[in-house]
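Enquirer: Here it is, the structure in full.
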Amino acid sequence: MQELLRAFMREAAQQVYAVTARNVDRYAALIATSVTSVSLSPPLMVVSIARDSRNHPIIASAEHFLISMLGVGGERASTILAEPGDGRTKLEAVGYRETEWGPIVTSSIGFLALRRHSVCAGGDHDLILGEVVGGEPPSGCPLVYHRRGYTTVRSCAADSLDGGH
């Protein structure tokens, strides 16, 4: 069934998000495509993170975490953040800025800051639920991952070809 699920999800075009957190002096930075809005009242988001990820304990215990939407041109940042390794080292490689909530990838087109609400087990992952406490709405075309490669949505591609008219 795992291969069926993998094959199914490869066909699902998914936006690319950087998930970051700072817990005291430890940093987490990873790429997630399993990010979902849960509720508008209160405003809740959920991100799915593998329990065996070195980022998991940092994000699961941080007071805040951030979800940054990567845009077209963010392929390099996505590739670096998707690799295993130290969160701060990866953030320094792609560029980031500190906020009151934690680090934000500077090449993102928008972000949400979340206060950790709860953590729920889901197989070999945990679902980390957060309440939106701040952020910036996206401005630009989102980076999309589909069939093991990067792309964008057709309307954005058309806008960039005709100068946005």
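Numbering (this note's numbering), first residue to last: 7 to 171.
Even for Gly, the Cβ is constructed at its ideal location relative to N, Cα and C.
If you run the structure through DSSP and keep just helix, strand and coil, what is M7?
Expert: Note: M7 maps to coil in three-state DSSP.
Enquirer: How should L97 be labelled, buried or exposed, when 16 other C-beta atoms within 10 angstroms of its C-beta is the threshold for buried?
Expert: Buried.
Enquirer: Could you say which of R32, P90, G146 lies nearest to S67 if we only look at CA atoms?
Expert: If we check each option's Cα against that of S67, R32 comes out closest.
Enquirer: List the residues that DSSP assigns as beta-bridge partners of A5.
Expert: Look at the range of the chain in this structure, 7 to 171, and you will see that residue 5 is not part of it.
Enquirer: Report all residues from its chain with a CB closer than 7 Å to the CB of T158; omit the five preceding and five following residues, and keep chain order.
Expert: So the list reads V78, C147, P148, L149, V150, once near-sequence residues are dropped.
Enquirer: In the DSSP assignment, find the alpha helix (DSSP H) that holds V100 and state where it starts and stops.
Expert: Where V100 is concerned, the enclosing alpha helix (DSSP H) stretches over 93 to 100.
Enquirer: Let's test the definition: count the other Cβ atoms within 10 Å of the Cβ of V100 and tell me whether it reaches 16, buried, or not, exposed.
Expert: Label assigned to V100: buried.
Enquirer: Cα separation between H136 and S74?
Expert: Here residue 136 turns out to be Gly, not His, going by the sequence shown. G136 and S74: Cα-Cα distance of roughly 14 Å.
Enquirer: Leaving out five residues before and five after P48 in sequence, what residues of the same chain have Cβ atoms less than 7 Å from its Cβ?
Expert: Here the set comprises E137.
Enquirer: Just how far apart, CA to CA, sit T26 and M7?
Expert: Using only the alpha carbons, I get a separation of about 31 Å.
Enquirer: Out of curiosity, what's the CA-to-CA distance linking N61 and E89?
Expert: Approximately 11 Å between the Cα atoms of the pair.
Enquirer: State the beta-bridge partners of T157 as determined by DSSP.
Expert: In DSSP, T157 forms a bridge with V150.
Enquirer: Specify the secondary structure class of T42 as computed by DSSP and reduced to three states.
Expert: Three-state DSSP puts T42 in a strand.
Enquirer: Let me confirm a value: I110 is counted as buried when at least 16 other C-beta atoms fall within 10 Å, else exposed. Which label applies?
Expert: With 16 or more other Cβ atoms within 10 Å, it is buried.
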